[in-house]
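Data block below; observations after.
In my numbering, the protein residues as written are 12 to 106.
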């Protein structure tokens, strides 16, 4: 069970690393409606990729587009409220 946040008594903004949003907590933080799993494809030259969260400040790289060596990287999982359309993204799965 996730610990609650001190500022609102709600659970923290993201679940523990490596865990998807628990089924019981898939309710919208805005309106209380049901959340549905989805994804935001990252459009690349010649295809698509999974959306990533990368630790730190963006630094341009001539070879790869951004510097990522030594930085934590996580795939992003996105949920959408079926009632109001609010999106909630979680960086839970290490790359």
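Virtual Cβ for every residue (Gly too), placed ideally from N, Cα, C.
Handout entry: At least 3 beta-carbon pairs within less than 8 Å: the stretch 68-77 vs the stretch 44-53
Key = no
Problem - Pick from 43, 40, 46, 64 that is closest to residue 82, judged by C-alpha positions - result: 64
Exercise for the section: Using the Cα positions of residue 96 and residue 103, report the straight-line distance between them to the nearest angstrom. Expected result: 21 Å
Practice task
Measure the alpha-carbon distance for residue 94 versus residue 73 and round it to whole angstroms.
Solution key: 43 Å
Practice task
Determine the direct distance from the alpha carbon of residue 38 to that of residue 44, and round the result to whole angstroms.
Solution key: 5 Å
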